[in-house]
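For reference, the structure discussed in these notes is given below.
Numbering (this note's numbering), first residue to last: -11 to 506.
So, in structure tokens, the structure goes:
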């Protein structure tokens, strides 16, 4: 199957020649925004046990603290990218950052679970407006070739490493202050970004059009229902009426989304982008790898705190090597992409991610951080660093200027939707595996429990240590099996679908058609 050719009249994404310090500052502002948005996906992970106790979440419903953010983020990213194309990217960028700041403030002040989830959802809306616009600003600020490759390398390293940085920052904030500061910290950062943007980033040209609100609403509703169905299945089982109803409603809404996009003159998801096999393969890989990455951070955070008994600060620093190794992988890919093309890095990166996750399945209650967690975590991180650079470049290669916002939004959307959907699937696997293990541990507990312990178990249904550690570890190991399979699927896609053309290598090297057009 050959890639669909682009229309001859469509200009490619090019930019004026970079101006040294000005573009360096622009990249700093853009990367800072992306770091803040991506960091917020995981900065709350360290605080999850504290949030659970403070606001009375169950273990399975606790994933909604993550999903409330990522679902609105992923579901509205395409609309955010489209808004930047129509209204001007700098203007939309600043609005998204300020909305994110307000939502962070409200989340830090939340007094119950409903208020926190509403604030997290509003944060997702702000992130969905700012994030795709920031990626599109790179496309229109840096000239195609080495300069843009380096900029994408920085952006990809921030996107991939932000998760680990978030865990470290979250650990410090929870240990030294309290869990509310994982949200409050966004306020001064966001305000500084909003103030610096008009000075260092020029406004982009507007492209007349309209907003595909119906597409945005149906896609977001469909994904929320789908994720809710998986989480409900983990809690109530696959035969539960609400579980089945959620899946049925999700199918209807996603079907309406596809019909809406096919009939719309200016769809929020330009379906013709999937006609290019490389771009379609890239989106599929991002779905799988984001699911694996979100699951790794979520479950390892619970494991090191609840089983290894790490403090929030120690747990945060436990993930510090991830950021460094991701940066190394991203730098390596950025340097050699013009020589070898993205496919080798896409294949090898996915295989390394799968290998790291498969290694983590061996984790048990006797595991140690240095002996069982650090090694596989670094293997996974090196692979993901290579992946994020190559996936970003492939997804935005040869995209017309007027669709760069939609293309970047679609890439970000697949990452966030893949993360939300993947995490919900992994939580379901975790719930099934941990329930099965609990049934095996209960007889052992009852044979040794005191009358008081038995009474407490009858009242709460929660096993005490060390039996609870066995249950949690079995669930985490089961989730990592599924995550490893998802990463392996990404490697198969890279191997069989991705095809690098000579023109792709020419553009990566700074030449090729369209170079120098404005």
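Beta carbons: idealized from backbone N, C-alpha and C, even for Gly.
Since this is a predicted model, take the numbers as computed values, not measurements.
Assigned with DSSP and collapsed to three states, residue 330 falls in coil, not helix or strand. Three or more beta-carbon pairs separated by less than 8 angstroms are not found between the segment 436 to 443 and the segment 471 to 490, which leaves the two stretches without contact. Within its own chain, the residues whose Cβ lies closer than 6 angstroms to the Cβ of residue 313, once the five positions on either side in sequence are excluded, are 366, 369 and 370, listed in chain order.
When the alpha-carbon of residue 355 is set against those of 327, 259 and 464, the nearest one is in 464.
With at least 16 other beta carbons inside 10 angstroms of its own, residue 168 counts as buried.
In the structure shown, residue 319 falls within a helical segment according to DSSP collapsed to helix, strand and coil. Restricted to the segment 345 to 426, not a single beta strand (DSSP E) segment is unbroken, complete and at least 3 residues in length. In this chain, residue 261 is not harboured by any alpha helix (DSSP H), its DSSP state being neither H nor E. The beta-carbon separation of residue 134 and residue 294, rounded to 46 angstroms, does not stay under the 8 angstroms limit for a contact. Where residue 98 is concerned, there is no enclosing alpha helix (DSSP H), because DSSP gives it neither an H nor an E. Secondary structure at residue 78: helix, using DSSP grouped into helix, strand and coil. A direct Cα-Cα distance of roughly 7 angstroms separates residue 19 from residue 146.
Judged by their CB atoms, residue 401 and residue 165 are not nearer to each other than the 9 angstroms cut-off. Taking the Cα of residue 352 as reference, the smallest distance to any Cα among 337, 296 and 303 is reached at 296. Under the three-state reduction of DSSP, residue 89 is assigned to helix. A straight line joining the alpha-carbon of residue 109 with that of residue 89 spans about 13 angstroms.
Under the DSSP assignment, residue 453 falls outside any alpha helix (DSSP H); it carries neither an H nor an E label.
Taking a 10 Å sphere around the C-beta of residue 140, we find 16 or more other C-beta atoms and assign the residue as buried. For the 9 angstroms CB-CB criterion, residue 304 and residue 407 do not form a contact. Nearest Cα to residue 340 within the set 326, 11, 289 and 280: 280. Residue 70 and residue 126 have their C-alpha atoms some 16 angstroms from each other. Note that the segment 268 to 275 touches the segment 473 to 482; at least 3 beta-carbon pairs, one per stretch, sit closer than 8 angstroms. Three or more beta-carbon pairs separated by less than 8 angstroms are not found between the segment 426 to 435 and the segment 249 to 257, which leaves the two stretches without contact. One Cα belongs to residue 226, the other to residue 488, and the distance between them is close to 42 angstroms.
Here DSSP, grouped into helix, strand and coil, assigns residue 437 to coil.
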